[in-house]
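For the record, the sequence lines run as chains X and E.
Letter by letter, the first sequence follows residues 1 to 184 of the numbering used here.
Letter by letter, the second sequence follows residues 185 to 368 of the numbering used here.
Single-structure report; data block below.
2 protein chains.
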Amino acid sequence: MAEIPSARDRLLAAARQLFWARGYANVSVRELAGAAEVDIALISRYFGGKRGLFQATLTDAFADIELPACGAEALVDHAVRLFVEAPRDGVTPSLLQMMLMNAHDADVGAEVRALHGDRLQKRLERLIGAPDRAALFMAALLGLSVAEKSLRLAGIARPGTAEYEAQLRHMMQAALSYRHDSRD
Amino acid sequence: MAEIPSARDRLLAAARQLFWARGYANVSVRELAGAAEVDIALISRYFGGKRGLFQATLTDAFADIELPACGAEALVDHAVRLFVEAPRDGVTPSLLQMMLMNAHDADVGAEVRALHGDRLQKRLERLIGAPDRAALFMAALLGLSVAEKSLRLAGIARPGTAEYEAQLRHMMQAALSYRHDSRD
DNA sequence: GCATCTTGTCAACAGTTGTTGACTTTCATC
DNA sequence: GATGAAAGTCAACAACTGTTGACAAGATGC
Chain X
1 MAEIPSARDR LLAAARQLFW ARGYANVSVR ELAGAAEVDI ALISRYFGGK
51 RGLFQATLTD AFADIELPAC GAEALVDHAV RLFVEAPRDG VTPSLLQMML
101 MNAHDADVGA EVRALHGDRL QKRLERLIGA PDRAALFMAA LLGLSVAEKS
151 LRLAGIARPG TAEYEAQLRH MMQAALSYRH DSRD
Chain E
185 MAEIPSARDR LLAAARQLFW ARGYANVSVR ELAGAAEVDI ALISRYFGGK
235 RGLFQATLTD AFADIELPAC GAEALVDHAV RLFVEAPRDG VTPSLLQMML
285 MNAHDADVGA EVRALHGDRL QKRLERLIGA PDRAALFMAA LLGLSVAEKS
335 LRLAGIARPG TAEYEAQLRH MMQAALSYRH DSRD
């Protein structure tokens, strides 16, 4: 009982925590190893280097996310819960935050965009049907997340209040109700 | 005629170009000096260091932006033109892109958020009136910019087309038409 | 002509980054 | 108990970061 996790597992946990919260470029391998109480050399040994460790935190991020086929109302609920809200541990930021934090990185930016940006968009497309509305819906999701979490704007971030949820819903449903007039 | 610009001016121009396009952390002083064809030491001499040079590219970014008091329709036009579209040189990214690119930086992130995020929000608030709608409007602006420029999502980025503008308008006006029901 | 200030150049600095190879320890298997 | 693979430790590496001080050239003022 109370199995002590292996060095590899502790490294992975610390990496997901730190990389997601502060960004790939802003975390050094020494800090990472210190947080995991592990020798630095093990990062290269187990994951091939800093970049490999970061990739390991990315690959299974979507594993437990399942979007049910449902109406617009329920979809808004699910999307907000899954992508915008922070995970259960209360420290690691949401998937969207991580994406936005690392999307511009010189080393891993392209990978993050391809792996999660496109993947998330495809999921929403399959769920919503029309690609246009899916893209707009995702843009709304991104905008609110950026405004609240990245820029910390006043007037957006009132998590848990009914007002915040009403704002969210209004914009989401505007995105979902949009139909363009060109060929389909 | 054809005045050759001083080293200080070339440095400032190269800094605005490179910092805004690739982010503060992803540009080294050596690359900066090389692009401006200037000795590295002059960065510290003239601007007090890399950070000071970056700040110099920030301070006057809002100098030429003036939002007129107008209706919702014209406001959408102005906002899109001023904040989302790229400047005239066609290379330097928009103000929003620069904000989003550097908002998470460990060194200058807080400054960028405070100087431009808050400032832009205050401008929109003064213009729109209701802080709630201004925040939502700004979130919509951010979301579209992120989706198009940062994540390069398909389905959003069709600049110059009527369809793209229609999407923009629909979401913007949804943001502007929102009213919350709590106390004001 | 001399002094002074600006403008620019050069080489070196100390600090941090990610990575690696040699080493010891641990532990299971024969 | 001997063998050998796995797990972990240590010190050093080369590459890069931003910054600085000493120095030279040119313009300006008296």
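We put the beta carbon where it would ideally sit given N, CA and C, even for glycine.
Small disclaimer: the values here were computed from a predicted structure and weren't measured.
Counting only runs of 3+ residues fully inside the stretch 90–130 of chain X, write out the beta strand (DSSP E) ranges in chain order. none
Rounding to the nearest angstrom, what Cα-Cα distance links residue 199 of chain E and residue 190 of chain E in this structure? Against the second sequence, residue 199 of chain E aligns to sequence position 15. Against the second sequence, residue 190 of chain E aligns to sequence position 6. Roughly 14 Å between the two C-alpha positions.
Is the CB of residue 76 of chain X under 8 Å away from at least one CB in chain E? Your numbering for residue 76 of chain X matches position 76 in the first sequence. Not closer than 8 Å to any Cβ of chain E, the Cβ of residue 76 of chain X fails to qualify, so no.
Nearest to residue 243 of chain E by CA position, among E:308, E:328 and E:303, is which residue? Position 59 of the second sequence, counted from the start, is the residue given in the question as residue 243 of chain E. Measuring from the Cα of residue 243 of chain E, the nearest candidate turns out to be E:303.
Got a sec: is the Cβ-Cβ distance from residue 101 of chain X to anything in chain E below 8 Å? Position 101 of the first sequence, counted from the first residue, corresponds to residue 101 of chain X. Residue 101 of chain X counts as touching chain E.
Please report the straight-line C-alpha distance between residue 335 of chain E and residue 101 of chain X, rounded to a whole angstrom. Mapped onto the second sequence, residue 335 of chain E falls at position 151. Mapped onto the first sequence, residue 101 of chain X falls at position 101. Roughly 11 Å between the two C-alpha positions.
Please decide whether residue 232 of chain E counts as near chain X, where near means a Cβ-Cβ distance under 8 Å. Translated into positions along the second sequence, residue 232 of chain E becomes position 48. With 8 Å as the cut-off, residue 232 of chain E does not count as an interface residue toward chain X.
Apart from the five residues just before and just after residue 21 of chain X, which ones in its own chain have a Cβ nearer than 6 Å to its Cβ? On the first sequence, residue 21 of chain X is found 21 positions in, with the first residue counted as 1. Closer than 6 Å at Cβ, skipping near neighbours: 93.
According to DSSP, simplified to helix, strand and coil, what is residue 146 of chain X? Taking the first residue of the first sequence as 1, we reach residue 146 of chain X at position 146. Here residue 146 of chain X sits in helix by DSSP.
CB-CB under 8 Å to residue 13 of chain X, same chain, minus the five flanking residues each way: which ones, in chain order? Residue numbering aside, residue 13 of chain X sits at position 13 when the first sequence is read from its first letter. Excluding residues within five positions, the ones whose Cβ falls inside 8 Å are 5 and 36.
Flag residue 138 of chain X as yes if its beta-carbon sits less than 8 Å from any beta-carbon of chain E, otherwise no. Walking along the first sequence from the start, residue 138 of chain X turns up at place 138. At least one chain E Cβ lies under 8 Å of residue 138 of chain X.
Examine chain E for any beta-carbon lying closer than 8 Å to the beta-carbon of residue 6 of chain X, and answer yes or no. One-based indexing of the first sequence puts residue 6 of chain X at position 6. Taking a beta-carbon distance threshold of 8 Å, residue 6 of chain X does not count as an interface residue toward chain E.
May I ask you to list, following chain order, the residues of the stretch 142–156 of chain X that have a beta carbon less than 9 Å from some beta carbon of chain E? Listed in chain order, the positions of the stretch 142–156 of chain X with a beta carbon within less than 9 Å of a beta carbon of chain E are 142, 143, 144, 145, 146, 147, 148, 150, 151, 152, 153, 154, 155 and 156.
Return no unless some Cβ of chain X is closer than 8 Å to the Cβ of residue 198 of chain E. Stepping through the second sequence from its first residue, residue 198 of chain E is reached at position 14. Under the 8 Å criterion on CB atoms, residue 198 of chain E is classed as non-interfacial with respect to chain X.
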